[in-house]
Every structure is written in C-alpha cells, then in structure tokens.
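J.: One structure, as structure tokens, below. Some questions next.
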RNA sequence: AGGCGCGUAGCUCAGUUGGUUAGAGCGCUACCUUGACACGGUAGAGGUCUGGGGUUCGAGUCCCCACGUGCCUACCA
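In the numbering used here, the protein residues as written are 24 to 962.
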C-alpha cells in the first residue's frame, strides 16, 4: 500500500486525513517543562546536533494565536496570518525548540451580541424582553453550538497549535484574572469613572472607543444659521453640519481677538426655535479665520464644545436619547429621529428666516466599526483607563529594543500613536462580556470595587449592592492574554518558561486595538517577572533585560486583497473564501501561495492562477515521489535502503554518497537551498523561502537530477549495487527535501514521508523530524561549475534541434570544440547523459572552432555544431544572430565605457572591476563567434 | 489636513546595504501522448523598470518635482 500513490495528486483526502491525525495524536501538545526535563533531547544518536552542546537548556519558541472571534468565519487574512505562524512554528519545532502555539477564541462582545440578537429577531424576540440573565444564557448556548466553527476551519489549515491548551476569553480563570486587573488598576488610580462625551452607537446602544470608529469622507452640507443678538437688530451667523444639535446650544463663542465681534462682548443671543437666551462667550475654540469666526456651543453633543462648556461653566442640555431620538429637551421635535429632526429644524429655520446659507461640504462621518451606524457623540457616565502611565512603559519597551517590530516602519507608527494616546473608554453598555467588578450601594451610594461579589455594603452595611450593569471592552481582556493564559495572577512554571512569548504575528489593523494594549498591560502587570534564565539564553535572548514584555518580536503582515487590489469586504461581495480555494487547489497549494506572495511592505493581491501553479508544484512533487517508489519496488528486499538511514539529521544529508557529477551537484545545491531557506525564515521572508524551495525541487531535483540518474535506475542490465546506491541517494535526498518543504506544505510532505517509511517512520510525524541545515562540507563549487557547463551544452543542442526542426525522435551527431580542459572533462565523463538527454547520436571532438559553421551555438567555453541535413531558416537565423550581436555590442560598449573611466577604476570595488574585465573577455570571444556566423550565412 | 506605501513583461508580483547580462508564476507561440507528471516536457517571444530633473565612476534601487493609485491617522464649526 504505502508505495502505491494514485497517479494524480488529489489533496482533499490526504489533507483531511492528516489534519485529523495531528489533532488525534496530540502531536503538538506541550507539557509544562519541569526544571529537570529541559535537557536537550536529540533526534538521533549520530551526533547530528552540530553546534548544540548536549545537556544545556532547550530553546523555547512561544506564539500566541491572535484569538479569532467566536462569531468568526475564516477569511484570507486569517489564513495568511495562520500560514505564516504555522510555518515558523513548524520550523522552530523541527529545529528542536520547545514550541508552544497557544490557540483560543475571543468572546467578541458586540459582534456576538449582535449575532444572537439577529437570531432572536428571527424568532420575533427581543433581548430586552427576555432579560439579561436569559439573554446571556442564550449567548452561551449559541457559543456552544456555533462558536467552534472557526477553530474547525483552522484544523483544516493544518495549524499546529496545542489544542490541549485551548482557551476562551470568558473562561472562569481568565475572567478571574480580568477582575484582578480591574481592581488593581482601580486601586492604583488608573481606572476612573466620569461623565464625558464618548462615541456612542445608537444601534448597539453602547459607548465605543475611538478605535472602533471608522471615519468616512462623505459629501454633505454645511448650514449657516443666524442667531439674533438680544437688544440689537444684529445677527451672529454660525455654521454647522449637524443643525439638529442647535436645540442643545448653550452659548455662541467668538475669539477675543476678533474685532468683528468686540462690540457684542457680554451680550446674549436668542436661540432660534427654542427661544432661549444664551450668552456670547470668548473662547479660543473660535478661530477668526474660519467661516464667520463664530461657533455655536453644544456641550452635550460635541467633544470640543464639551470642553469649552466646562471652561465657561455652561449647562449641558442633552437633546437626544440613547437611540439618537430627540428627547423632551428638544421641545416640539421630541420623538423625532436625529435625521428627521434635522430636516424639520432646517425647514423651520428657513421658514423663520434664520437659515442663511447651505453649502456643499465634505464631512468625515464617524461610523460604528461593527454595524456601520453613524456614531453620535454622547454625554454619558463611563469607565476609563488613565492611559499615560501605562503608555510610558510601552513606549520605553519598544524604543529600547526590548520589543522589536518588523517591518520597521510600523515601529514609528506605533510610537506616534502611543505618544498621542487618549484615555481609553473601557465600559460598554452590553450584556455579553466581562461584567465590571463594581457594585453600587442603593442605600448610601457607595461604589464598591471588589474581586468577588460583596454580600453587603462595607460603608452602611445595607444588603445586596447592585452590580454595575456595564461590561468591559473586549480588548480589555484580550490585552491580558499573554500572561493570563499562562496562569497569571499565580506565579506558574508555564509563565517562567513561556513568558515573554517569542513572537506575535498579526495584521496592521489590530496594532493599536490589541498589540499596543498587550504591551501596556504586560509591561505593567509582569514587571519584575523573570524568564527561566537558561532557557532564555538558549533561545537567543540572553541579552534582553526586560522580561515583562508580552513578546520579544512583533511581525506585522500584509493585508490580503482580491485580484483587483480591492480590500475584501462583505459589502463589496469580493470576499474570497479560503475554504473554497482550499477545496479547489488544496491547503498546501493555498498555503504556498500565501507564503510566496508575502513579500514585506506590500499588500497581497491574491491571485488564484498562482494557487493553480502551486497546486501543479505539489503534483510535480507527487509524481517525482511516484517515480521514486516505482523504482524502489524493483529493488530486492535485501537491497532496499531505509529511507532515513543516516538521513534524518540536521546538517546536510548524511546518508548521501555522491558518485557522479550530478550527485555531487545536487548535494551541493540541496545544502545551498537549506542555507538560504533558513536565512530567509529567520527574517520572515516567507516569499524567499518558498521560491527557493520551489526552484530547488522543480528546477534542480526534478528537471535535472532525476533526468540524469534515470539510466542508472532503468537500464535493464545495470549493476544492482550501483542501482541500490542510486536509489539510496535519491531516497535520502528526497526525504531531506520533504523536511525542507514541510513547514510550508505540511500535508503532502507528511503523506509521502510516511509512504517512504512504509508505515514505520522514525517519528510519528515529519513535523517532529529535524529541519535541514546546510553542511558546509557538502558544498561543492567545482561540481556546480561543471554541471553548469553540462547544462549549457545540453541546452545549446536542444536549442539547435528546435531551430532545425529536427524530429523529436531523431538523433543527431554533434561536433564540439573547446580549448578548455574542464569542458572536455565534463564531456568525457557525461557523454551518455548528453546523448540521452539532448537526443545525440555521437559526440565528435574537433580541433577547429565550429563557430562559423551554420547550425551552431557558442559560449565562451565551447562551440557546438549539429550535423543535420536539414537547412536552417537562414532569414530567421540571421535575425536571431543580429539581435544577439546587438546585445553583445551594447554590453561591450557599456563595459568599455566603464573600464576606460579612471574614476570607475579608482572608486569601484576590485571585485566589480575584476568581474567586468572577465566578462569583457568573454564578450570579445562571443562577438567574434557571432560575427563569424553572421558572415557565413551572408549577414 | 497630516502620515505611510505603491507604480517593473499582456496579468499577478520578486529584485536584500546603488555594482557586471532586470527574474518568477500565469498567459502567449512552436513542437512533443519520451514508461513520474499534459496539473507535464523542450525551445521561444515579450520590459527605453509611470514621466521629468538631480546625486554618482555607475540608478529599477538614493534625492526632488509631476502624474496615477491604495491605505491609515485627525475634535476644526
């Protein structure tokens, strides 16, 4: 069974099977390492742990999964994020790190509440009718039933998280930690309550933070209204984009320096419609250069006016309720929606002659991030976090380099935001979430902040204080996750080992929402924490001073857009469902696409054609494996090599015994690929890593190596011993290449790897096998040079054959000229390969250059001519040669200009000059040869 | 209004501190049912790197301007 792979690669069945296996076998579960059990535990006994002394602490790699909302469905952004995390996690795990990837979900206050409300609406029910307790119960039911959807989807991606440690932000232990944090901050004076203007969503009926407001430029109107000045026949004209708020005006402000209004200082205006006398005040809020220089002041409905109102002790008249409907203070407009009221107010103003002008104006409308409703600034009692003291530590952690942010431009963005941060509104008027641990005494009004529900008021002793009805902003609890998931506030061994986490990978969108908050909370609450020193050292962070930070590195990934570069959004209907892409091309191909397109700095315009290409790549690997298995089948049992005999190690490929040029070459190429891939991953260059593996697997291994060794595998009367050696080399090479690819394409590599081991793999999964590293002893520069000559020769002959339109099956004779001994060596030693791969009958050495003979190709090392009766297309050949000559001439001219420039010779590095000179020599030869050919065919 | 990014082959994108011949995938052309693979093979065509200045021995790469395009931040009525 193991060697019978179906002819065509079909990812669906394979992937589902392994995804299930990884979860069932708990392969990625990490027990808390005790202080004793951290000794290095190598994968094999062959001394492969080069550079890893035994009996030292193991390095640790910890990553927190940005918790998806329980309401979430997987989108491309998640998949990119998780692909990148999984690549790094698998890579570290294979390199012997204690690797913990912690998964969980977020209760997502507003989003989840909305979801359940919608469900209730279908049943004709309303949240308020059923009451808070019933409703929350209902949300929990919903969560149990549907909340796991996104995690199930994650399993399909192959995310190698530790499912044994899965959390939910409303779990009891995490909720306890949230209360603890609230109480401590309150006791430190960092949480306060007050009545301020906040962003209010009339649909969600709750306050939201600045970050949850999305601004949108809309073409709107600016209305100018004149207010009559009491006791004169003058008017003051003010402008507004929200005329309905004038009903709550309590003053008109002008600038003290504005001479237009000097004579009106101390006077009052009569507020139209409301017929209320309000003062003209002097305040800096009014800028003389803007409009009329006079501003209406509505302290209850505008944040600036609120501040101005406080400065002048003005009344705050609320004219709207929590649904943004006009209330009793709005007089005749009571009961109207804010926009109905706007229309009515404008009509009345116009009728009464107060409306002066209506101008087109671009307004930045604030909309609720969740539901899109236009936000209304509203005066209300809320809880706030005093943010500056927390921000200071968070700034220091990044400025000092204790936390690195990649790409680096995000560091400045983060810092700018932190410098200008405002206090954080943390209370939400929702029912779903962490209830604020505050109780109000109905008797004496005492405010009780406590970890557990108080049975009586500590001040007056009256029974049953009422708990505050608000819940906390969802980000308040998720901001604590790096330490609460490791057992905080207890001091745990988990925290000692896994905190600070190593890395956080996330999208730019939540840099402020989440990343910034985690840094603030981590630096504050984990101050004084020490990570296990030996492990910290082993992990490469021995030089870091601050172990309070929630993570040592942040990597911000790009945004996934659709093929037209549009941001994917439900309203646009251009959302690409990753599950659909996966069903069509496979998870491996989709992962590979995301990795290969993840160049830093630019967003990803996801293109399915790329995914199709990488599905083809998987198919290529699949078939190369089939070819390998086909040949293994033909080996006698006694000769069958163990696929990993000596192969399953870190450095190079230990079991590979090169005998031929292509053996030496592919071994060298493999090691170079391993070196490059490791380097790229170190720098989060997923695109480089993916492309490098692609080129190696397809371009080197399949296109050349397998083609070259075919005769050693397929010749009927071959030497069985050589055959076995060849197979051994192929299998060890292939096995190592699978390990190289595994982090990016976990499924296909797992499938083939198990097949190679005939059901008896050395580890339960390739994911637990070591990751290849370069062995410098296996670099072979001469082999690479010689192979390049061989490839040049073969390609030249193929090229000539194509041009001469030689029938594919016909074999041709070739004549080769070279004065280069190395070239001769290559030809002598690889005559058979040349004949077979290039369709050559005989190779003749000539002592004379073939350059002027028509059907020929030249490189600086050799000329090769095909002996064939068919005539070339003279005109086409002439054109080709002319074009080639032009290119050569251009390059020669270019090179000469530089080489004759003293400045260049003096200033350019020797290496560059040397290279140019060598190239100039080559070009001279090539030009002579090309000219000769042109002359020969009468050009 | 500020800030950031992008503009390279028909399409989607690479191109590391400026250094010899600007790469890949898809698409395109021609030929090929060669015992791993047509989701394949072989050989090709296709780019004055948006435009204009500048720095430099040397610019796709650095600077300035323009045009086009995308995003983020912002309490200016």
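From the three backbone atoms N, C-alpha and C, an ideal C-beta is built for every residue, glycine too. All figures in this text were calculated on a predicted structure; none of them were measured in a lab.
Do residue 209 and residue 508 have their C-beta atoms within less than 8 Å of each other?
T.: What you label residue 209 is simply residue 186 of the first chain in a count that begins at 1. What you label residue 508 is simply residue 485 of the first chain in a count that begins at 1. No, they are not a contact pair.
J.: So, using beta-carbon positions, are residue 449 and residue 406 closer together than 8 Å?
T.: Start at 1 with the first residue of the first chain, and residue 449 comes out as number 426. Start at 1 with the first residue of the first chain, and residue 406 comes out as number 383. For residue 449 and residue 406, yes; Cβs fall inside 8 Å.
J.: Have a look at residue 774 and residue 187 and give me their C-alpha separation to the nearest angstrom.
T.: Locating residue 774 in the first chain gives position 751, counting from the first residue. Locating residue 187 in the first chain gives position 164, counting from the first residue. The straight-line gap from Cα to Cα measures roughly 24 Å.
J.: Which residue from 682, 931, 776 puts its Cα closest to that of residue 1039?
T.: Absent from the model: residue 1039. The displayed extent of the chain is 24 to 962, so no value can be given.
J.: So, helix, strand or coil for residue 53, using DSSP?
T.: Your numbering for residue 53 matches position 30 in the first chain. Note: residue 53 maps to coil in three-state DSSP.
J.: Could you check where the beta strand (DSSP E) with residue 463 kicks off and where it finishes?
T.: Along the first chain, one-based indexing puts residue 463 at 440. Start and end: 461-463.
J.: By Cβ distance below 7 Å, which residues in the same chain neighbour residue 664 in space, the five residues on each side in sequence not counted?
T.: Translated into the one-based positions of the first chain, residue 664 becomes position 641. A caution first: residue 664 carries a pLDDT of 47, below 50, which makes its placement in the model unreliable, though a value can still be read off. So the qualifying residues of the chain are 747, 750, 751, 754.
J.: Can you tell me which of the three DSSP states residue 467 falls into?
T.: Translated into the one-based positions of the first chain, residue 467 becomes position 444. Residue 467 falls in the coil class under three-state DSSP.
J.: Compute the distance between the beta-carbons of residue 523 and residue 570, then report whether it is under 8 Å.
T.: As a position in the first chain, residue 523 is number 500, starting the count at 1. As a position in the first chain, residue 570 is number 547, starting the count at 1. Yes, these two residues count as a Cβ contact at 8 Å.
J.: Can you tell which of 850, 626, 349 has the C-alpha that lies nearest to the C-alpha of residue 815?
T.: By 1-based counting over the first chain, the position of residue 815 is 792. The residue with the shortest Cα to Cα distance from residue 815 is 850.
J.: My output table needs one value for residue 31: the three-state DSSP class, helix, strand or coil.
T.: Walking along the first chain from the start, residue 31 turns up at place 8. Here residue 31 sits in coil by DSSP.
J.: Leaving out the 5 sequence neighbours to the left and right, which residues in its chain are closer than 6 Å to residue 335 when beta-carbon positions are compared?
T.: Stepping through the first chain from its first residue, residue 335 is reached at position 312. Taking C-beta separations shorter than 6 Å and ignoring five residues to either side along the sequence, the partners of residue 335 in its chain run 304, following chain order.
J.: Given a cut-off of 8 Å, decide if residue 680 and residue 723 are closer than it, judged by their beta-carbon atoms.
T.: Position 700 of the first chain, counting from 1, holds the residue named residue 723. Position 657 of the first chain, counting from 1, holds the residue named residue 680. Taking 8 Å as the Cβ cut-off, residue 723 and residue 680 do not qualify as a contacting pair.
J.: Applying the criterion that 16 or more other CB atoms from any shown protein chain within 10 Å of the CB defines a buried residue, is residue 809 buried or exposed?
T.: Taking the first residue of the first chain as position 1, residue 809 is located at position 786. Burial call: buried.
J.: For the structure I just gave you, are there three or more beta carbon pairs, one from the region 319-335 and one from the region 219-227, closer than 8 Å?
T.: Taking 8 Å as the limit for Cβ pairs, the verdict is that the region 219-227 does touch the region 319-335.
J.: Could you check what DSSP says for residue 407 in three-state terms: helix, strand or coil?
T.: Your numbering for residue 407 matches position 384 in the first chain. Judged by DSSP in its simplified three-state form, residue 407 adopts strand.
J.: What residue does the alpha helix (DSSP H) around residue 227 start on, and which one ends it?
T.: On the first chain, residue 227 is found 204 positions in, with the first residue counted as 1. No alpha helix (DSSP H) holds residue 227; DSSP gives it neither H nor E.
J.: In the DSSP assignment, find the unbroken alpha helix (DSSP H) run with residue 576 in it and report its ends.
T.: For the purposes of this step, residue 576 is identified with residue 553 of the first chain, where counting begins at 1. From DSSP, residue 576 is part of no alpha helix (DSSP H) but of the beta strand (DSSP E) over 574-580.
J.: For a minimum of 3 consecutive residues, which ranges assigned as the beta strand (DSSP E) are wholly contained in the region 876-917?
T.: 879-881, 886-890
J.: Enumerate in chain order the residues of its own chain whose CB-to-CB distance from residue 699 is below 6 Å, with the five nearest sequence positions on each side excluded.
T.: On the first chain, residue 699 is found 676 positions in, with the first residue counted as 1. 715, listed in sequence order.
J.: Whole angstroms is fine: what's the gap from residue 97's alpha carbon to residue 128's?
T.: What you label residue 97 is simply residue 74 of the first chain in a count that begins at 1. What you label residue 128 is simply residue 105 of the first chain in a count that begins at 1. Residue 97 and residue 128 have their C-alpha atoms some 13 Å from each other.
J.: Output yes or no for whether 8 Å exceeds the beta carbon distance between residue 109 and residue 244.
T.: Sequence index remark: in the first chain, residue 109 carries index 86 (1-based). Sequence index remark: in the first chain, residue 244 carries index 221 (1-based). Contact flag unset, no.
J.: Closest by CA to residue 612, which one among 696, 644, 295?
T.: Within the first chain, the letter at position 589 stands for residue 612. Closest option to residue 612, Cα to Cα, is 644.
J.: To the nearest angstrom, report how far apart residue 424 and residue 435 are at their CA atoms.
T.: Locating residue 424 in the first chain gives position 401, where the first residue counts as 1. Locating residue 435 in the first chain gives position 412, where the first residue counts as 1. Roughly 12 Å separates the two Cα atoms.
J.: Straight-line CA distance for residue 178 to residue 43?
T.: Here residue 178 refers to the residue found at position 155 when the first chain is read from its first residue. Here residue 43 refers to the residue found at position 20 when the first chain is read from its first residue. Roughly 8 Å separates the two Cα atoms.
J.: Check for me: the alpha helix (DSSP H) holding residue 697 runs from which residue to which?
T.: Against the first chain, residue 697 aligns to sequence position 674. Its alpha helix (DSSP H) spans residues 684-705.
J.: Between residue 813 and residue 848, which are expected to be in contact by the criterion C-beta below 8 Å, what is the C-beta distance as a whole number of angstroms?
T.: Taking the first chain and counting its residues from 1, one reaches residue 813 at position 790. Taking the first chain and counting its residues from 1, one reaches residue 848 at position 825. About 10 Å separates the Cβ atoms of residue 813 and residue 848, ruling out a contact at the 8 Å cut-off.
J.: Since residue 436 is in the alpha helix (DSSP H), which residue starts that stretch and which ends it?
T.: The residue you call residue 436 lines up with position 413 of the first chain. From DSSP, the alpha helix (DSSP H) with residue 436 extends over 432-442.
J.: For residue 72, count neighbouring C-beta atoms within 10 Å of its own C-beta (all shown protein chains included) and say buried if the count is 16 or more, exposed if not.
T.: The sequence position of residue 72 within the first chain is 49, counting from 1. Low confidence applies here, because residue 72 scores a pLDDT of 42, under 50, leaving its location unreliable; read the following figure in that light. By the 10 Å Cβ count, residue 72 comes out buried.
J.: Between which two residues does the beta strand (DSSP E) containing residue 863 stretch?
T.: By 1-based counting over the first chain, the position of residue 863 is 840. It spans 863-868 - the beta strand (DSSP E) in which residue 863 sits, taken as one unbroken run.
J.: According to DSSP, residue 218 sits in a beta bridge with which residue or residues?
T.: As a working note, residue 218 is residue 195 in the first chain. 404, per the DSSP bridge assignment.
J.: What does the Cβ neighbour count give for residue 601, buried or exposed, with the cut at 16 atoms within 10 Å?
T.: Here residue 601 refers to the residue found at position 578 of the first chain. Buried: at least 16 other Cβ atoms inside 10 Å.
J.: Of the residues 870, 375, 825, 765, which one's Cα is nearest the Cα of residue 899?
T.: Start at 1 with the first residue of the first chain, and residue 899 comes out as number 876. Here the closest residue by C-alpha is 825.
J.: Opposite residue 828 in the DSSP bridges: which residues?
T.: Taking the first residue of the first chain as position 1, residue 828 is located at position 805. According to DSSP, which records beta bridges pairwise, residue 828 is partnered with nothing at all.
J.: Tell me the DSSP bridge mates of residue 349?
T.: For the purposes of this step, residue 349 is identified with residue 326 of the first chain, where counting begins at 1. Note: residue 349 sits in a beta bridge opposite 343.
J.: Counting along the chain, where does the beta strand (DSSP E) carrying residue 561 start and finish?
T.: As a first step, residue 561 must be located in the first chain, where it is residue number 538. Premise fails: residue 561 lies in the alpha helix (DSSP H), 556-561, not in any beta strand (DSSP E).
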